[in-house]
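If you read the sequences in order, they're chains A and B.
To convert a position in the first sequence, counted from 1, into the working numbering, add 53.
To convert a position in the second sequence, counted from 1, into the working numbering, add 104.
Cβ coordinates follow ideal geometry from the N, Cα and C atoms, glycine included.
Computed from a prediction, not measured in an experiment: that's the story for all the values here.
Quick notes on the structure that follows.
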Amino acid sequence: MSTADPFAIAAHLHVLLRRKTGRVTDTEWMATNADYAREIVRHAREKAASDGHEELLPWAEKLEAAIPAMGVPPRKTLLDVAADALRSASPGEGNQYVGRLR
Amino acid sequence: MHQNRYFVRRSLFLPAFLCPALAAAQAPTPETVIKVTLDAPGLVAASAIQGADTAWLMVSTALVLLMTLPGIALFYGGMVRRQNVINTMASVVGIAAVVSVLWFALAYSLAFTPGGALGGFIGGVGRMGFSGMEVLGATGQVAVSHIAQHVPESVFAMFQLTFAIITCALVVGALVERMHFGALLLFAGLWLLLVYAPIAHWVWEPGGWLAQLGALDFAGGAVVHINAGAAALVCAYALGPRTGYGREPFVPFNLGLTMAGTGLLWVGWFGFNAGSALAADGRAGLALLVTHVAAASGAIAWMAAEWLARKRASLLGLCSGVVAGLVAITPAAGFVTPRGALAIGLAAGVACYWGATALKRRLGADDSLDVFGVHGVGGLVGALLTGVLADPAISGAQASVLTQLIACVAVLAYSLVMTAVVLWITSRFATLRVREGDERAGLDASLHQEQLGH
């Protein structure tokens, strides 16, 4: 799994925060919800400053960098787009020969 | 579509055209033929006729007629329900007969002779009443069209007749299973005279306004396919949907017949497109090649679209894709390279799949066998892409997308409006639609009192 993957970053932060600060987080929510991720970034930086857990800082930065991509649907290939368009143009298979021939 | 290659001095032969007796006195020997240009049908020395070109055009005539009889009859007959197969096939045969007689009575003259003051819009009546087409063995002269001065006019007129037949027959696909047989034949005759003949004149007679504008239509993308597609759409709206349409499954009688029809269309289209070169030459050979490439790529594209949409490749889809590719290459056949044909076929396969599914639902008409979705959309795609992909090195013709667009819109609009007028006139003389009981029973039994064997 790539370290640029929000889930990988969230998993690392989840372990560090649990180990260093005792804070339990929701990994999946951290990787997909921008508001929650921002709060975790803020919390990690605060703990790094107040308690000296500087190893939290690089992972907070990585999570912050991943926030813009959160909530954006995965990019579709041209083939996926074409397939979706054609599929939406076709009635269900159960309607074979009802109101259409082809 | 037409290129004049052999020219005969008009000043020498026009009096002969007007007066056969004078022609006999003035008839030149084959050795003294002087090549100049005719601008109307007339007589030329028999030695001006090119045997190879004439032979190819005669073969092409037979091939194009095979596209209708039995090609279209099988193609459509396989897609309708069992109780309407005979009616569908009879409609195609009946139309072929009516159109053939009316062609030599009037329509050929309106389409392919110069028209005087209204020459941009309609031809003259110089060839009406089965006139012209002389073969004067005693004087060594043969009538030719000014459009193809190296083949006998009888062959040229027959070749063009087969185009008129198939165009009228294509419209049948939109009105199957519910139109009165007599009304259909009356409609077809009027439509030939009031819609097909003028449009053919616009595009293919050198004085026609679209020909003058520079519109390119090698074998009938606009004249045949856009025209038939538009007429089909109007017919579908005017007749209304078949009883039970959209609620009951209309199971096709036999898609094997449809496949056989597709095969005849594919082969016959070689005559349709390569024959439109009006010569047995290199351009005809290229037209034949690009026709085949477009048919194949159309089938592949339709199959791919259907696979993406429904995870299947159906026989009807393959047949439809073949026809879509053939339709789209029709206007372009004498103007594009094989690579251009590949692009046209691929585009047409996808566009016509959309036309026969999503667009069809949006239009809301019971265009029963998807004439507009395949021929209308395919014709538009082909005509417009001709403007994009035509290679001047092949024909010397400079293509313009704007001119092609004007031609498409003009033909589409005229056909939509005039088909509605023709249907209205027809409805004054005959009932368009059968009664619901007859429709339920099937038109084979209710109109023809015939039935398919077991």
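Distance CB(residue i)-CB(residue j) smaller than 8 angstroms
i: Leu110/A; j: Ile93/A; result: no
i: Ala200/B; j: Ile269/B; result: yes
i: Ser499/B; j: Gly438/B; result: yes
i: Ala447/B; j: Ile330/B; result: no
i: Ala215/B; j: Ala301/B; result: yes
i: Ile62/A; j: Ala102/A; result: no
i: Arg537/B; j: Met183/B; result: no
i: Ala104/B; j: Tyr212/B; result: This structure leaves residue 104/B out entirely; chain B is present only between 105 and 558.
i: Glu108/A; j: Leu69/A; result: yes
i: Ala287/B; j: Thr535/B; result: yes
i: Pro145/B; j: Arg231/B; result: yes
i: Phe208/B; j: Phe234/B; result: yes
i: Pro442/B; j: Gly325/B; result: no
i: Val478/B; j: Val431/B; result: yes
i: Ala524/B; j: Ala342/B; result: yes
i: Ser258/B; j: Met237/B; result: yes
i: Leu337/B; j: Gly480/B; result: yes
i: Ala156/B; j: Ala384/B; result: yes
i: Val280/B; j: Pro256/B; result: no
i: Ala403/B; j: Gly389/B; result: no
i: Leu369/B; j: Val327/B; result: no
i: Ala334/B; j: Thr271/B; result: no
i: Pro218/B; j: Asp143/B; result: yes
i: Ala84/A; j: Phe60/A; result: yes
i: Leu210/B; j: Val196/B; result: no
i: Gly293/B; j: Val202/B; result: yes
i: Phe533/B; j: Leu265/B; result: no
i: His96/A; j: Arg128/A; result: no
i: Gly175/B; j: Met193/B; result: no
i: Thr530/B; j: Gln508/B; result: no
i: Gly152/A; j: Gly350/B; result: yes
Residue i: first and last residue of the uninterrupted beta strand (DSSP E) it sits in
i: Gln245/B; result: Gln245 to Val248
Whole-number beta carbon distance between residue j and residue i, since they are thought to touch under 8 angstroms
i: Ala136/A; j: Leu412/B; result: 4 angstroms
i: Trp405/B; j: Val454/B; result: The residue you asked about is not Trp; residue 405/B is Ala in the sequence shown. Yes, Ala405/B and Val454/B are in contact; Cβ-Cβ is about 5 angstroms, under 8 angstroms.
i: Trp373/B; j: Met162/B; result: 17 angstroms between Cβ atoms; not a contact.
i: Cys339/B; j: Leu527/B; result: 7 angstroms
i: Met123/A; j: Asn86/A; result: 7 angstroms
i: Leu551/B; j: Phe263/B; result: Contact flag wrong, Cβ pair sits at about 33 angstroms.
i: Thr366/B; j: Cys423/B; result: 4 angstroms
i: Gly386/B; j: Met407/B; result: No, Gly386/B and Met407/B are not in contact; Cβ-Cβ is about 32 angstroms, not under 8 angstroms.
Extent of the continuous alpha helix (DSSP H) to which residue i belongs
i: Ala462/B; result: Ala462 to Leu467
i: Ala413/B; result: Gly386 to Arg414
i: Leu147/B; result: Premise fails: Leu147/B lies in the beta strand (DSSP E), Gly146 to Ala149, not in any alpha helix (DSSP H).
i: Asn188/B; result: Run containing Asn188/B: none; DSSP gives neither H nor E here.
i: Tyr180/B; result: Ala177 to Gly181
i: Arg98/A; result: Ala87 to Asp104
i: Met363/B; result: Leu359 to Ala378
i: Val125/A; result: Per DSSP, Val125/A belongs to no alpha helix (DSSP H) and is neither H nor E.
i: Asp548/B; result: Leu547 to His552
i: His65/A; result: Pro59 to Lys73
i: Leu337/B; result: Asn331 to Leu343
i: Leu422/B; result: Leu419 to Ile433
i: Ala215/B; result: Tyr212 to Phe216
i: Gln502/B; result: Taken as a continuous stretch (DSSP letters only), Gln502/B belongs to no alpha helix (DSSP H), as it is neither H nor E.
i: Trp313/B; result: Trp313 to Leu317
Residues that residue i bridges to, as DSSP identifies them
i: Leu297/B; result: DSSP output for Leu297/B lists no bridge partner at all.
i: Met522/B; result: Bridge partners of Met522/B: none, in fact.
i: Met283/B; result: Arg537/B
i: Pro496/B; result: Note: Pro496/B sits in no beta bridge, so no partner.
i: Pro353/B; result: Val151/A
i: Ala156/B; result: Bridge partners of Ala156/B: none, in fact.
i: Leu290/B; result: None; Leu290/B has no bridge partner.
i: Ala252/B; result: Ser249/B
i: Val239/B; result: Val246/B
(message) With a threshold of 8 angstroms, are at least 3 pairs of Cβ atoms found where one atom belongs to the stretch 188 to 202 of chain B and the other to the stretch 385 to 402 of chain B?
(response) Taking 8 angstroms as the limit for Cβ pairs, the verdict is that the stretch 385 to 402 of chain B does not touch the stretch 188 to 202 of chain B.
(request) Evaluate the contact criterion for the stretch 238 to 250 of chain B versus the stretch 267 to 283 of chain B: three or more CB pairs, one atom per stretch, below 8 angstroms. (result) no
(message) With three or more beta-carbon pairs closer than 8 angstroms as the criterion, would you say the stretch 366 to 379 of chain B touches the stretch 162 to 181 of chain B?
(response) yes
(message) Any contact between the stretch 353 to 364 of chain B and the stretch 510 to 521 of chain B? By contact I mean 3 or more CB pairs, one from each, below 8 angstroms.
(response) no
(request) Please confirm if the stretch 289 to 297 of chain B is in contact with the stretch 361 to 375 of chain B, defined as three or more CB-CB distances below 8 angstroms between the two stretches. (result) Too few Cβ pairs lie closer than 8 angstroms, so no.
(message) Count Cβ pairs between the stretch 302 to 322 of chain B and the stretch 217 to 224 of chain B that sit closer than 8 angstroms; are there 3 or more?
(response) At 8 angstroms Cβ cutoff, the stretches touch.
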